[in-house]
Each structure stands twice: as C-alpha cells, then as structure tokens.
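Single-structure report; data block below.
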Amino acid sequence: MTSDRSLQNHDATPLVRVGIAEIPHADIIFNGEYRMDSKVFSGAASFDASYLPEGDSLFSPCSQEATFTVRDVTIGKDFHWQRSLDQTFRGSLLLRRHGSILTVINILPVEWYLESVISSEMNADAPSEFLKAHAVISRSWLMAQIKGTCPQDDEEEGMTDTPETRVRWYDHSGHTGFDVCADDHCQRYQGITGINESAREAVIATRGEILTFGDEICDARFSKCCGGAFETFENCWQPVPKSYLRPGPDILPSAQLPDLSVEENARTWIMSRPEAFCAAPSGDILRKVLKDYDRSTRDFYRWKVEYTGIELSDIIRRRSGVDFGEIIDLQPVARGASGRIILLHVIGTRHTMTIGKELEIRRTLSRSHLYSSAFVVERSGLDSRGVPERFILHGAGWGHGVGLCQIGAAVMASQGHTYRRILSHYYPDTRITTLNPNP
C-alpha cells in the first residue's frame, strides 16, 4: 500500500445526513437552543406526523455546544440483541414528514460522525492501531456512499422474485432523503452517547484519510468475523466485482485458500478450525474490542444452531411469507469464495424455492439473522417421507465476510501490526489518500 496525499477533486469536510429513526411520533429533548425558522426550541418537545407540515422541518443549533436527544431509538434492528436507547446528537436535526411517518435525520460534519461510529462499533480499550484502521475504512465507505461511487441496488440488476427463485440483496440505496442510516445496515452511529477519547484520537490521527483504488474511493466493507476466509463483493451484493475485495485467508503470510465454492471443500473447512487471525482471539481481546451485546455470542469463528423440523418450518414460513409445508432439506446450490452459501435450495412438502443472496438466506433461516451463510446442514430422524425431526446448522463467521474482519484486525493490532499493514491485508493493492485536512 502506498500513501498519496494529493488526490484531487474531493471536497473537504462534507456534511453527512444520518437517518436515525422512521417513526410516527418523536420525543426530542433540546439540550441548548435550536432554531427552526423564527422559533427557538429548548427543553423537551414532542412531534407527531399528524400535525407537522408535510416536508422538511430543519432545527439548527444556536451554538456548537447545543445537542438534542431522541428518546427510544431502536438499535440492532431485527438482530438478536435489538434494544431501545435514548441517544444524544451534535449538529442539526431534520424532521421529514411523509404521510404518517417522521424521518429523524441528523446532519453533521463527517469527522464528528466518525468519532461516534468508531465508539459505537468498538470499545474504548480496543488497540489504537485497530481503531485507526477502522476510522479509515469507515470514512472511506461513507465518502463512497455520499459521492455516489457505489453501485445502486435500486437498479435491481440480477435480482429475481418468482415462485421458484428469490434472489435479493440489501444495500444503502434503499434509503431516501439521507445518506446512511444509524444502524448495522450501514454503520453503527449512536450519537455522542459513549464517545470515547480513544476513538476521537483515532479519527484525529487519520483525519481525512481514505482508501483508494486507482481514482476510486474504496467501498470499504467490513464484518464482525470472516470465519477465516474473505468473501467477494459480488457474491453478497450487486454483480460488480471489486479488485480490492478479493478472496483470501485471514492469515499472514498469505497461504493458498482451498476452493470453498466446492461443496466438499466448504464442508471440510467449516467443520474444522483452520488457523486464522480471527480463529482464537483471547477473552481479553474480545472484552477490549466488543460491546457487551456483541459478546453475547461466545464463538464467532465456528458456531452451531439447532432446530426441530417443526420449528424450522415455522421460521421459514414466517420469514419468507411462503408456505413450504414441512421442510425436507436445505441444499446449497452455489457457494462463494469463503464457503458462504449464495444460493440455497429450500425443499418442502408443499413448495420448493431457491433463495439468495447471503443476507436473504440468513434472514430466512432465523428469527433474527443467522450469524453467516457459511454453514453445512445436518439432518436427523428422517420419517418415511424423508422429513427430518431435527436440523443442525454448523457455521463459520459472523457477517458477510467482505473486506475487513473486525475480530481478525483487532488480533493483528494486538500482535503489533500497524493500521497501514492491517489495511493492506484486508484491502490489497489499495493506497491511503488524504482528503483536504482543513476543518
């Protein structure tokens, strides 16, 4: 990786519009004075879509110290650790009414936003080189979204929804009226609540630094744990290969990765524990890096989920909206470079369908989300119709596995690797470029 501090044609310190919530009613506390048109707000206020005017209502802070608190913000939506928190934000508040829904939007400088993202994604005790690496990729990913250099999933190229095949993916462009949301769908952003000095120092130390590949700002994806092998972009989202998001093992020096698109190889890989940075982090590293709700999962590298046949059939029916009857089998049709299933054949007594990509599979087979789609299926107790009494899914990794592996990167940092070395491992052939650093 090289350093180039002269990339041209990028704006300095842009603003980002972050979608906080989409709700019919918002309870806001103005901590300091905010102005909306000629009216000044301070203290508690309630806003309801039934009486706000259609369109935008912008509340601007009267001082840099002013903040606002949004009550009962849902975080971790649809994940196993979903909860509601009161969250406090710097910058401007935009309430956008569309019919019976209010969209709560925070408008603020990118560097302020990043201080919160790094604090929201990771703990303050995480290794400083890891936090720096995360600051660079979070800034890169955000700038790629703002500048529209990422492919847009609303084009729906390659998506299919028929009675026989359902192939979907989910990206940021499902949002309208703001750049990114505040939850795991984009990047965790929880306002100033919990901002720590370590995260602030990491953002300052890397101020304006982004990853680039050629003249392109990198779409620097990341996930919790790759499971020992990196996935490619096109196997999770749009069919647009990205040279810097390539397959490989989470280990240095780099070794030859088995062809995990081959079913036999994927089964052997998932049912074993190959050496990798993310394979065996110490409890101390996990405590330093992960939020308490993330540590509810004890083993990110290899995991197991068990269902009764009745339970799995009910989950799939509820989550897909399709009555498959009793589930007979789950058969991988296609796997990606990390062994993640990208097309799955769901066979039931009443209906059969092929589903993909990885997140659609994870959503369909769990009440929240499976940790990943890198799994193999074990069936037991087959009756005379071939219907199993029990399904056991043996899996690897947490998340899509594309780009930086947070657990692996934290282990690298704890072993003395610099943030530049971490970034070159997960995003090969990229360079670090600095945007205009002036505030």
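Each step along the sequence shown adds one to the number in my numbering, with nothing skipped, and position 206 is 209.
Backbone N, C-alpha and C fix where the C-beta goes; we use that ideal spot for every residue, glycine too.
Please read all numbers here as calculations on a predicted model, not as lab measurements.
When C-alpha distances from residue 271 are compared across 433, 320, 398 and 89, the shortest belongs to 398. Annotation: residue 71 to residue 115 spans about 15 Å, alpha carbon to alpha carbon. Judged by beta-carbon spacing, residue 121 lies beyond the 8 Å limit of residue 143, meaning their Cβ atoms are not closer than that value. Taking 8 Å as the upper bound for CB-CB distance, residue 134 and residue 201 are in contact here, some 6 Å apart. Residue range 409–417 is occupied by the alpha helix (DSSP H) that includes residue 415. Around the CB of residue 310, 16 or more other CB atoms lie within 10 Å, so the residue is classed as buried.
Between the segment 269–287 and the segment 401–421 there are three or more C-beta pairs closer than 8 Å, enough to call the two in contact.
Under the Cβ criterion (8 Å, minimum of three pairs), the segment 312–322 counts as touching the segment 359–368. In the three-state scheme derived from DSSP, where H, G and I count as helix and E and B as strand, residue 202 is classed as helix. Listed in chain order, the beta strand (DSSP E) runs fully inside the segment 212–278 are 212–216, counting runs of at least 3 residues. In the three-state reduction of the DSSP assignment, residue 172 falls in the coil class, being assigned neither a helical nor a strand state. Beta-bridge pairing by DSSP links residue 55 to no other residue. Put simply, of 244, 371, 432 and 23 the residue whose alpha carbon is nearest the alpha carbon of residue 183 is 23. Per DSSP, residue 138 lies in no beta strand (DSSP E) segment; the continuous alpha helix (DSSP H) that holds it begins and ends at 131–149. In this chain, residue 372 is not harboured by any alpha helix (DSSP H), its DSSP state being neither H nor E. Classified as exposed, residue 259 has fewer than 16 neighbouring CB atoms from the shown chains inside 10 Å of its CB. When DSSP assignments are scanned along the segment 286–366, the uninterrupted stretches of beta strand (DSSP E) that are 3 or more residues long and fall wholly within it turn out to be 305–311, 330–338, 344–351 and 355–359.
Membership of residue 388 in any alpha helix (DSSP H) is not indicated, and neither H nor E is assigned to it by DSSP. Per DSSP, reduced to three states, the secondary structure at residue 422 is helical. The beta carbon of residue 337 sits closer than 8 Å to the beta carbons of 264, 344, 345, 346 and 359 from its chain, once the five residues preceding and following it are set aside; these are given in chain order. Bounds of the beta strand (DSSP E) holding residue 19 are 18–26. Residue 161 has its alpha-carbon roughly 20 Å from the corresponding atom of residue 222.
Taking 8 Å as the cut-off, the Cβ atoms of residue 433 and residue 145 do not count as close.
The shortest C-alpha to C-alpha distance from residue 119 to any of 205, 165, 64 and 172 is the one to 205. Relative to residue 59, the option among 94, 102 and 396 whose CA is nearest is 102. Setting aside the 5 residues that flank it on each side, residue 99 is surrounded in the same chain by 59, 106 and 180, each with a C-beta closer than 6 Å to its C-beta; the list follows chain order. In the same chain as residue 220, and ignoring 5 residues on each side of it, the C-beta atoms closer than 7 Å to its own belong to 143, 146, 147, 150, 152 and 213, in chain order.
The shortest CA-to-CA distance from residue 241 to any of 331, 387, 210 and 173 is the one to 173. Looking only at 25, 42 and 353, the smallest Cα-Cα distance to residue 52 is reached by 25. Taking residue 409 as reference, the option from 316, 380 and 136 with the minimal CA-CA separation is 136.
In this structure, 138 is the residue among 138, 33, 131 and 128 with its C-alpha nearest to the C-alpha of residue 117.
Distance check between residue 237 and each of 252, 292, 361 and 351 places 361 closest, using alpha-carbon atoms only.
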